[in-house]
Structures are given as C-alpha cells and as structure tokens.
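In the numbering used here, the protein residues as written are 14 to 232. Remarks on the structure that follows.
Shown next as structure tokens:
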C-alpha cells in the first residue's frame, strides 16, 4: 500500500512540474500559445514528457490499487482500475497530440504572413488535447467513485477519507459532464480541487498509516 501512496504523490508532483514548464490544460488560444512555445520549445517538450511520465504512473497505480484493495470488493476494484487505466490512456493521447504544437510554433515563428491557418490548426490541437484531458478526468472521477464506494462499504479506509473521495468523485464527474454539455466548468473545477485534496490525503495515509489500519480491519 505504501507504493500506492508514493505513486499518488509522484503523480501530483510530476503534474505540477509539467504545468510549471508551460504544459497547461484548458488553454484554447493558440495565437498566444504558439509564440510562447516558439521562445523555448525544449521547455515545452520537457513539460509534455514529464506529463506522459506522470500518466504512466497512473498505469502503475491501477495495478497497485487493485492488488491492495480487491480483497475488500473485487468487482468495484476491477471497475475502478479499468477506469483509471482509461484515464491514463486518454491523458497520454492528449499529451501526444499536443506535441504537434511544437512544429506549429516553429512554423508560426518563421512565417511572415498567412499565420491564420497555423492558428486554426493550433486551436484544433488544443481542442483535441482538452477533450482527452477532460475524458481522462471523467474516468478518474468514475474510478474514484468505485474505489471510495468500496471503502465506505468495507471500512478499508478511514471513513472521512472515503467520504471525501466519494464526494469529490461525484462532484467532479457531474461537473465534467456539465462542461461537456454546456461549456460551464465551475463545478468541474471545484470537483478537481476536492479530488486533489483527497489524493494528497489518501496518498499520505497510504504511506504512513495504512499498514496498521488495514491489518486491524482484516482482523
């Protein structure tokens, strides 16, 4: 279980590092993004590489979560891990798509005229990346709901953490569906903030306290 906890923290840290290098999600204006990338394409590329490494951490966590918590509810653990695996694949798809922005940024910097077509292509790339990210976040939310529902039922995790994750997952999932339907994103943002709080709390608990707690629950 400690490995699960370390993976949670690893994913959060690498995501933050990727954003710090300019690989932000939710951007829609390539007219401002392409010049930014062209100033330091290597920095942006590194941000994407770190993001992909972070998403590979999600692939790893699907197995570690299933191995740790499937004894409590195998069906929900399997469903939750499949959702998390789908999350990772959707996120990686979004990052690989975003690599196209580096070539577009180079062409944009060299072009003296007719930059509108490059901007249009850049907008399409950003749109596709955002779809991949939002789909990944929806699958993250569904996976969290499955696991946390199992935690609430079994008592495998302290109830405060289990209920926090369940609430975060539900709010986030509903918010993302609303965002897909109408473009309104405020509820999705609130859900993601709650999800981050849950993941930091859950990750810390897995690292420092889970071995004693789960042993007591099983006994």
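C-beta atoms are modelled at their ideal positions from N, C-alpha and C, and glycine is treated no differently.
Closest by C-alpha distance to residue i, when choosing among the options
| i | options | result |
| --- | --- | --- |
| residue 142 | 165, 36, 30, 183 | 36 |
| residue 60 | 116, 29, 160 | 29 |
| residue 222 | 79, 157, 197, 169 | 169 |
| residue 79 | 94, 153, 68 | 94 |
| residue 25 | 65, 47, 137 | 65 |
| residue 175 | 212, 51, 33 | 212 |
| residue 2 | 160, 210, 214, 68 | The question about residue 2 has no answer here: the residues shown for the chain are numbered 14 through 232. |
| residue 220 | 191, 107, 108, 81 | 81 |
| residue 138 | 118, 122, 154 | 118 |
| residue 108 | 187, 57, 209, 14 | 57 |
Per-residue DSSP class, three states only, for residue i
| i | result |
| --- | --- |
| residue 38 | coil |
| residue 53 | coil |
| residue 171 | coil |
| residue 198 | coil |
| residue 14 | coil |
| residue 222 | coil |
| residue 232 | In this prediction, residue 232 scores a pLDDT of 44, lower than 50, which makes its location untrustworthy; the coordinate-derived value is nonetheless stated afterwards. Three-state DSSP puts residue 232 in coil, outside helix and strand. |
| residue 70 | helix |
Between the CA atoms of residue j and residue i - distance to the nearest angstrom
| i | j | result |
| --- | --- | --- |
| residue 96 | residue 166 | 20 Å |
| residue 207 | residue 126 | 45 Å |
| residue 63 | residue 217 | 22 Å |
| residue 89 | residue 163 | 6 Å |
| residue 98 | residue 194 | 24 Å |
| residue 156 | residue 172 | 18 Å |
| residue 31 | residue 132 | 23 Å |
| residue 184 | residue 23 | 24 Å |
| residue 83 | residue 124 | 56 Å |
| residue 224 | residue 16 | 12 Å |
| residue 40 | residue 202 | 14 Å |
| residue 136 | residue 43 | 5 Å |
| residue 87 | residue 18 | 20 Å |
| residue 189 | residue 144 | 11 Å |
| residue 199 | residue 129 | 31 Å |
| residue 55 | residue 152 | 30 Å |
| residue 21 | residue 196 | 29 Å |
| residue 47 | residue 85 | 49 Å |
Short CB-CB distance (under 9 Å) between residue i and chain D
| i | result |
| --- | --- |
| residue 118 | Of the protein chains in this structure there is only one, and it is not chain D. |
Which runs of the alpha helix (DSSP H) fall wholly inside the region 83–137 and span at least 4 residues, in chain order? The DSSP assignment places 87–111, 113–123 as complete runs of the alpha helix (DSSP H) inside the region 83–137, in order along the chain (cut-off: 4 residues).
Three CB pairs or more closer than 8 Å across the region 104–117 and the region 176–184: no
Flag this pair as touching only if the region 69–80 and the region 93–108 have three or more C-beta atom pairs under 8 Å; answer yes or no. Touching, yes, given that three or more Cβ pairs across the two stretches are closer than 8 Å.
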